[in-house]
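For reference, the structure is listed below as structure tokens.
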Amino acid sequence: MAENGYTKKPKSKRIQDPIHGLMEFDNWIVKFIDTEHFQRLRSIKQLGTTYYVYPGASHNRFEHCLGVAYLAHSLVKRIRETQHDLGCSDKDLKCVTLAALCHDLGHGPFSHLFEVFIKMRRPDRKWTHEEASIMMFDDLLKEHKEIAYDLDDEDKLFIKDLITGKKPEDTGNRSPYLFDVVANKRNSIDVDKFDYLARDCYYLGMKSVFDFSRLMNYSRVSDDQITYDFKESYNIYELFHTRYSLHKKAYNHRVGKAIDYMILDALIAADPVLEISKSIDKPSEYLKMDDTILNRIEYSDSDDPDLKKSKEIIRRIRKRDLYKFVDEFLVPKDLKGKFEKDKITKIITDQLEHDGLKKEYVIVDILILNYGKKEENPIDNVKFYDKNQPNLKVFKLESSQVSYLVPELFEELNIRIFTRNRDKIKQIRKCFKESLTKFFGIPEPKTYYTRITNNLVESQDKY
């Protein structure tokens, strides 16, 4: 007992956050934050090249991970306090909080773009940033044994499973619902999403009516999973609609995607010299991988031709001499079944060569947008409770029980074309439409620029 009757609390650190306000972290987790593995995340933009389009989106993986850890700790702590029979120990709470903190340790330069780069340079490796997060977490524990003294092998395995969302058939003495907190593979409702949706909207300057704090307060554990008050069903639809909207308007913005492809080309050109793709094999090298990789390339003293090509691309980005968006086709729902990525890509490249254009000019971008569970309605995997009927078992809701205005389709497919050669846009656009006619059998495919042209003609006819 401390002076004046106050109980002395363990040392902690408070961090002011624009999304969650004052976040308090116990001293033990601050020690994990203050490692080179976690501090690397300060130099990795949360939204990658989206920052080039939305200059407010300058936030990094660092603060996102802090937010996810804070929410994970808050959610599990609240459930523990309201449902004492679940048997969640202090160690369980610690493991979930640590998994939330470290879930993005493995993100590379420009976040998800680096995964595309590795897939192209190392097609033999089925590599993901989650795999890298495990590698970096293991290395953190190896290099800083003193801060993980009370974590046994079972705890460490539990934390890794929480990061990857891999729920073992036998969870042992761990409460199964804990696997819903950080990376929920059942229905995608987790604190990772709560934080990034709120944080990204804030820094993008976009509004969202989804209320994660309300959803957390109306959650409880039933049937070994986190369930929600049925009155929150529309709030959950808003969660998935917000995710879809961010992908549609920001994450896959045409200019941002053009810069994505430029950085991808720059990294691929520089890789034989700098061996960037080999960094995923060695934690000490991966620690050096962050968004400053472009500066390393740009200001390198090497005269290597590959590096010269990479530098030229980066200078084009600096001067805003960007790859250009050519056109886009939203595939009708009745034709989605015919779609084959490799086949449509080959038809487009063959048509280019037939029209005397180099296939190197063109980038075929396949954009699939959904509510997080492909063509499924993610709400089909969510269970609800009725607080006014405590004896009633948890249940699922049909979309018609929520609103007749919720979507009937939950996935859309877009074929987008970009070009490295700004002088060939009209020819490539014509070629793209001819390719769509060949592939889908549509005489006049309604592409993005077809709609714009038709609207312009209609407007001119009125005056």
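Residues 562 to 1024 in my numbering are what the sequence shown spells out, letter by letter.
From the three backbone atoms N, C-alpha and C, an ideal C-beta is built for every residue, glycine too.
In this text the structure is predicted, and so the values were computed from the model without any measurement.
Counting only residues of its own chain and dropping the five nearest sequence neighbours on each side, Tyr631 has a CB closer than 7 Å to the CB of His581, Met584. For Ser806, the secondary structure class from DSSP, reduced to helix, strand or coil, is helix.
Inter-residue distance for Glu624 and Thr998 is about 47 Å (C-alpha atoms, whole angstroms). Annotation for Lys897: Leu974 place their beta carbon closer than 6 Å to its own, counting only its chain and skipping 5 residues before and after. When the Cα atoms are used, Trp589 and Ile708 turn out to be separated by approximately 7 Å. Around the CB of Ile679, 16 or more other CB atoms lie within 10 Å, so the residue is classed as buried.
Within the same chain, Cβ atoms closer than 8 Å to the Cβ of Thr611 are found at Ala618, Leu765, Ala811, Tyr812, His814, Gly817, the five residues on either side in sequence being excluded.
Around the beta carbon of Glu676, a 10 Å sphere encloses 16 or more other beta carbons of the protein chains shown; the residue is thus reported as buried. A contact is defined here as three or more CB-CB pairs under 8 Å, and the region 817–829 meets this definition with respect to the region 877–886. Under the 8 Å Cβ criterion, the region 792–807 does not count as touching the region 646–653, having fewer than three qualifying pairs. Under DSSP, the beta-bridge partners assigned to Ile924 are Phe979. For the pair of segments examined, the region 589–609 was found not to touch the region 721–736: the number of CB pairs separated by less than 8 Å stays below three. Between the C-alpha atoms of Cys992 and Arg879 there is a straight-line separation of about 30 Å.
For Glu585, no alpha helix (DSSP H) segment is defined; the enclosing uninterrupted segment is the beta strand (DSSP E) at 582–587. When C-beta atoms of the region 694–706 are compared with those of the region 746–763, fewer than three pairs fall below 8 Å, so the two segments do not count as touching. Here the alpha carbon of Pro951 sits roughly 21 Å from the alpha carbon of Val637. Pairwise C-beta distances place the region 719–729 in contact with the region 651–663, as three or more of them are shorter than 8 Å. Listed in chain order, the alpha helix (DSSP H) elements of length 4 or more contained wholly in the region 701–775 are 714–725, 752–765.
CA-to-CA, the gap between Ser845 and Phe791 works out to about 48 Å. For the region 792–845, the continuous alpha helix (DSSP H) assignments of 4+ residues that do not extend past its boundaries occur at 794–807, 815–835, in sequence order. In this structure, Arg804 lies away from Tyr615, with their beta-carbon atoms at least 8 Å apart. Below 8 Å, too few C-beta pairs join the region 849–863 and the region 889–908 to call them touching: fewer than three.
The criterion of a C-beta distance shorter than 8 Å is satisfied by Asp784 and Val955.
Ile978 is positioned such that its CB atom lies no closer than 8 Å to that of Leu918. For Tyr631, the enclosing alpha helix (DSSP H) stretches over residues 622–643. Counting every other CB atom within 10 Å of its CB across the protein chains shown gives Ile640 a total of 16 or more, marking it as buried. Measuring C-alpha to C-alpha distances from His808 to each of Leu928, Ser780, Leu855, Arg747 identifies Leu928 as the nearest.
When the beta-carbon positions are compared, Gly609 and Met850 stay at least 8 Å from each other. The alpha helix (DSSP H) runs lying completely inside the region 643–689 and spanning 4 residues or more are 651–663, 673–682, given in chain order. Counted as a single uninterrupted DSSP element, the beta strand (DSSP E) harbouring Leu891 occupies residues 885–891. Here DSSP, grouped into helix, strand and coil, assigns Gln577 to strand. C-alpha of Asp984 to C-alpha of Arg686: approximately 37 Å in a straight line. Comparing C-alpha distances from Ala831 to each of Ser838, His664, Leu868 shows the shortest one belongs to Leu868. Secondary structure of Phe945 (DSSP, three-state): strand. Cβ neighbours of Leu855 within its own chain (closer than 6 Å, five residues either side excluded): Ile875.
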